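Enquirer: Heads up: take any position in the sequence shown, counting from 1, add 28, and you land on this note's numbering.
Yeah, the Cβ is synthetic: ideal placement off N, Cα and C, and Gly gets one too.
Computed from a predicted model, the values in this text were never measured in an experiment.
Quick one: the structure is below, and I'll ask about it shortly.
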Amino acid sequence: MRREVKYGLIGGSAALVAGVVGGITLFGGSDDTSPQAVRAADTKAGDQVPQVPTGPLTADEVHTTAQQFLTAWQSGDTAKAAGLTDSPDTAKGALADFAKQARFSKVRLTPGAPAGDKVPYTVAAEIGFKGAKAPFSYGTSVRVQRDKTTGEPRVAWQPAALYPGLGKGDTLRTGEAEAPPIKAVDRNGTELTPEAHPALAGVLESLRSKYGDKTDGKPGVELYIHRAKSAEANGQQPDKTLKVLAKGTPGVLKTTLDARLQAAAEKAVKGKSSASAAAVRPSTGEILALANSPEKGFNVAAQGSLAPGSTMKVVTAALLLDKGLTAPDKPHPCPQYVTVGGWKFQNLNKSEIKSGTFAQSFAASCNNAFISQAEKLADDDLTKEARDVFGIGLNWQTGIPTFDGAVPVQHDAQMAASLIGQGGVRMNPLTVASLAATVRAGSFHQPYLVAPSLDNRTLAKAPGAMKPETAAGLKSLMRLTATSGTGAEAMAGIGGDIGAKTGSAEVDNQDKPNAWFTAYRDDVAAAAVVPASGHGGSNAGPVVRAILTAS
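Below, the structure written as structure tokens:
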């Protein structure tokens with residue numbers, strides 16, 4: 029999307045009032061109970077006020093403070109160590125929990141050379157529980173900063189000072205694991221391991237954490253990160269095993285994944301910076317593949333929150349068809365420029381389709397064919413269509429943490445931008461693959477990775493449905509896109525019941541847009557995003573093609 033109207037934020041200005049009290053100039057409001065005012069009022073002319081040290085810390089201050097903190101911690105004096113931080117109470121509790129639950133002994137903390145205000149250090153220790161023992165070592169760091177009140181150097185407390193990757197409320201624990209290990213298998217019984225499928229490492233951790241105790245496995249003894257409970261069920265991160273002291277017995281957990289499609293998805297995104305992909309079965313909602321590049325890290329395929337660009341036109345087209353505002357064979361021009369809410373929208377390369385059908389505009393992904401309809405729609409029409417027909421924004425119960433999409437109610441130009449997948453619209457490959465799957469099936473089937481019968485989950489259901497003529501029209505639009513539109517190159521030679529939609533989502537301060545592509549072939553639907561790469565058909569299209577041709 030290109031727009032020719034720039035906007036900015038204009039803030040007010042705050043005045044500073046200066047006055048002289050006891051020989052000291054004060055800047056601030058009228059609160060005469062502030063610490064500065066009290067100190068000034070108690071100061072007589074001629075008295076000297078203690079100066080709080082300011083400015084950057086010296087290398088010696090950084091090194092000495094970090095050394096004192098580590099020495100106190102190693103000696104077991106958690107109170108002293110906590111007192112050397114900028115958050116003594118929080119640090120004291122965390123250090124005490126570490127000593128009690130991590131079960132480290134023979135601890136050696138060795139600081140490295142400071143780099144600015146950061147001091148790396150290594151930890152070498154022995155961990156043990158009920159006779160099971162093992163050595164354990166790792167590296168992390170602390171930052172030393174000047175205390176804002178006293179000016180003294182203090183360790184800037186954060187959980188990662190104890191172990192890299194610890195978040196607020198997370199703890200290190202050594203003991204019997206909270207869940208047995210699992211042997212995850214795909215829909216055909218093929219074992220899924222992080223060695224064979226590195227992109228599934230995080231997913232397998234999530235599955236173990238959620239379903240391990242629902243298998244016939246037995247837990248072992250481990251050092252692990254116990255994650256703090258999330259306020260959102262779909263945002264809960266799994267516990268993470270760091271060291272196995274005594275192996276448990278794995279329990280078998282069947283998933284909906286397809287090892288063949290999973291391998292194809294992983295191979296297709298490999299080497300493409302921050303690319304991700306997902307595949308689902310339209311008739312059931314079963315998740316067939318999830319892949320990310322890099323392989324380890326955040327699961328963008330299922331949890332990402334990105335503008336989907338023109339793949340959102342699948343939803344917008346359904347809305348326009350449902351409301352009778354257009355039809356595939358109805359004349360529907362795509363003007364070069366459209367102004368909505370003070371924003372002037374233009375098509376890519378200032379192109380236009382003066383006299384053509386809606387099907388031609390959809391297949392060419394011509395933006396203003398959609399934006400031109402904004403003033404005929406209510407602010408919440410797109411939100412309702414996305415939620416009630418395509419299931420976007422409902423509380424999906426997939427079996428793993430997911431972000432289920434967002435199409436907020438917006439007004440004027442932002443609402444118009446939402447029609448082409450910009451504005452506040454956010455999705456990921458799993459939600460976009462579900463859009464294509466809904467078109468193929470004719471109705472929404474919530475994606476899931478573990479059978480809901482295992483834990484009696486209730487899958488989300490879309491409260492509405494497309495009109496039969498809308499469902500048929502959408503399929504014809506996506507087929508035209510796959511055979512002679514912007515998706516034709518990626519879908520060339522693929523037989524069966526096919527449909528596709530390309531997308532390019534602009535991102536501020538990014539030279540090239542994020543490339544999107546979604547398509548279906550018979551009972552497999554897939555989607556992919558390749559950030560900052562350009563056109564969807566040529567960059568994300570090959571990823572989806574690889575998945576569909578492996579099915």
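State the beta-bridge partners of residue 139 as determined by DSSP.
Expert: Beta-bridge pairing links residue 139 to 149.
Enquirer: According to DSSP, residue 181 sits in a beta bridge with which residue or residues?
Expert: DSSP output for residue 181 lists 174 as bridge partner(s).
Enquirer: If we ignore side chains and look at the alpha-carbon of each, how far apart do residue 144 and residue 87 end up?
Expert: C-alpha separation (whole angstroms): 7 Å.
Enquirer: Ends of the alpha helix (DSSP H) at residue 501?
Expert: Counting along the chain, the alpha helix (DSSP H) containing residue 501 begins and ends at 496-512.
Enquirer: Check whether the Cβ atoms of residue 339 and residue 555 sit closer than 9 Å, and answer yes or no.
Expert: Yes.
Enquirer: Starting from residue 293, trace the beta strand (DSSP E) in both directions and tell me its first and last residue.
Expert: Premise fails: residue 293 lies in the alpha helix (DSSP H), 287-297, not in any beta strand (DSSP E).
Enquirer: DSSP three-state call for residue 330: helix, strand or coil?
Expert: DSSP places residue 330 in helix when its eight states are reduced to three.
Enquirer: First and last residue of the alpha helix (DSSP H) that includes residue 557?
Expert: Residue 557 -> not in any alpha helix (DSSP H); beta strand (DSSP E) instead, spanning 552-558.
Enquirer: Which residue marks the beginning of the beta strand (DSSP E) containing residue 254, and which one marks its end?
Expert: Counting along the chain, the beta strand (DSSP E) containing residue 254 begins and ends at 249-254.
Enquirer: Could you please give me the residues that DSSP links to residue 549 through a beta bridge?
Expert: Answer is 526, 552.
Enquirer: Considering only the beta carbon of each residue, do residue 548 and residue 468 sit closer than 9 Å?
Expert: Yes, these two residues count as a Cβ contact at 9 Å.
Enquirer: Could you tell me whether the region 227-247 touches the region 129-149, where touching means 3 or more Cβ pairs closer than 8 Å?
Expert: These segments do not touch.
Enquirer: In the structure shown, what three-state DSSP assignment does residue 154 receive?
Expert: Three-state result, residue 154: strand.
Enquirer: In this structure, what does DSSP give as the bridge partners for residue 279?
Expert: DSSP, once it has assigned bridges, lists 210 as partnering residue 279.
Enquirer: Contact defined as beta carbons within less than 8 Å: I believe residue 478 pairs with residue 283. What is the distance between those atoms, to the nearest angstrom?
Expert: Contact holds; Cβ gap of about 6 Å.
Enquirer: Between residue 159 and residue 249, what straight-line distance do the alpha-carbon atoms span, to the nearest angstrom?
Expert: Each residue's alpha carbon lies about 10 Å from the other.
Enquirer: Quick check on this structure: which residue in 118, 191, 107, 374 has the alpha carbon closest to the alpha carbon of residue 132?
Expert: Closest option to residue 132, Cα to Cα, is 191.
Enquirer: How many angstroms separate the CA atom of residue 564 from the CA atom of residue 176?
Expert: So the two alpha carbons sit approximately 49 Å from each other.
Enquirer: Since residue 371 is in the beta strand (DSSP E), which residue starts that stretch and which ends it?
Expert: Taken as a continuous stretch (DSSP letters only), the beta strand (DSSP E) holding residue 371 covers 371-374.
Enquirer: Within 10 angstroms of its Cβ, does residue 456 collect 16 or more other Cβ (buried), or is it exposed?
Expert: Its Cβ being crowded by 16 or more others within 10 Å, residue 456 is buried.
Enquirer: Residue 85 to residue 173, Cα distance in whole Å?
Expert: Residue 85 and residue 173: Cα-Cα distance of roughly 7 Å.
Enquirer: Shortest alpha-carbon distance to residue 431 belongs to which of 294, 448, 270, 460?
Expert: Ranking the options by Cα distance to residue 431, first place goes to 460.
Enquirer: Looking at the structure shown, is residue 420 part of a helix, part of a strand, or coil, going by DSSP?
Expert: In the structure shown, residue 420 sits in coil (DSSP, three-state: anything other than H, G, I, E or B).
Enquirer: State whether the region 272-279 contacts the region 221-230, with contact taken as three or more CB pairs (one from each stretch) at a distance under 8 Å.
Expert: No, they do not touch.
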